[in-house]
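Worksheet for the structure shown next.
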Amino acid sequence: MVLLLAVVVHSAGIQDRAGAWALLIRLFLYFESLKTIFVDGSYSGSLINWALSMFGWNML
Numbered sequence: 031m032v033l034l035l036a037v038v039v040h041s042a043g044i045q046d047r048a049g050a051w052a053l054l055i056r057l058f059l060y061f062e063s064l065k066t067i068f069v070d071g072s073y074s075g076s077l078i079n080w081a082l083s084m085f086g087w088n089m090l
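Each residue of the sequence shown is one higher than the last, beginning at 31 in this note's numbering.
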């Protein structure tokens, strides 16, 4: 089962990867006990590393 926990709406001029930073911070504020976040394949690199070091989350 997949459960939607948060949504951030931004302008079309912002790439999804850039908007994801705001979404992850919002998730942490409300659900800091999360351990794994399932993401699309386009979310990679520094975002994945940042989420792991900042929140301890694995992004798959």
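Every residue, glycine too, gets a C-beta built ideally from N, C-alpha and C.
Since we're looking at a predicted model, the values are computed, not measured.
Let's test the definition: count the other Cβ atoms within 10 Å of the Cβ of residue i and tell me whether it reaches 16, buried, or not, exposed.
{"i": "L90", "result": "exposed"}
{"i": "A42", "result": "exposed"}
{"i": "L54", "result": "buried"}
{"i": "I67", "result": "buried"}
Could you spell out where the alpha helix (DSSP H) holding residue i opens and where it closes?
{"i": "Y60", "result": "46-60"}
{"i": "F85", "result": "76-85"}
With distances taken between CB atoms, is the gap from residue i to residue j smaller than 8 Å?
{"i": "K65", "j": "N79", "result": "no"}
{"i": "R47", "j": "L77", "result": "yes"}
{"i": "A52", "j": "V39", "result": "no"}
{"i": "F61", "j": "L35", "result": "yes"}
Taking DSSP's pairing of strands, which residues face residue i in a bridge?
{"i": "M31", "result": "Looking at the DSSP assignment, M31 forms no beta bridge with any residue, so it has no partner."}
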